[in-house]
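Enquirer:
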Amino acid sequence: MATAKKATAKKAAPAKKTAAKKAAPAKKAPAKKATAKKRTPNAAFMKAMTPSAALAAVIGATPVPRTEVVSKLWVYIKKHGLQDSVNKRNINADEKLKAVFGKKQVTMFELAGLIGKHLS
1 MATAKKATAK KAAPAKKTAA KKAAPAKKAP AKKATAKKRT PNAAFMKAMT PSAALAAVIG
61 ATPVPRTEVV SKLWVYIKKH GLQDSVNKRN INADEKLKAV FGKKQVTMFE LAGLIGKHLS
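For the sequence shown, position 28 matches number 28 in the numbering used here, and the numbering has no gaps at all.
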């Protein structure tokens, strides 16, 4: 006698457990920073200095702070188109600036050091 096998019902695959999402921590109000103190200007930078005759021909003879000297030099450089067209970091000196710099071309990084010699 042949025994008939009963068709076995397939068990449903167990449901995969999804990774439990962690609840985002409640956002806290940003901590208030201590009020920033007002910066006190550095007196050495703000001290009016008298330019030499060579530098005065470019920026004027009135005593001005070192920071203002650099600003006025840049105004002069831009006005006369003295910035190198290929490498903008270089400044091509004209006759007035050649007397200040001592050479035909300087980089913008040398600028502050070179004008320091012309301030007193």
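Heads up, the beta-carbon is just placed ideally off N, CA and C, and yes, glycines get one too.
Are the Cβ atoms of residue 106 and residue 93 separated by less than 8 Å?
Expert: yes
Enquirer: So, does the stretch 38 to 49 touch the stretch 64 to 73, judging by three or more C-beta pairs under 8 Å?
Expert: yes
Enquirer: Measuring CA to CA, which of 42, 120, 99, 89 is closest to residue 110?
Expert: 89
Enquirer: Based on DSSP bridge pairs, tell me the residues matched to residue 49.
Expert: 64
Enquirer: Please go through the stretch 70 to 112 and give each complete alpha helix (DSSP H) segment of 4 or more residues, from N-terminal end onward.
Expert: 95 to 101
Enquirer: Going straight from the alpha carbon of residue 58 to that of residue 37, what length do you get?
Expert: 38 Å
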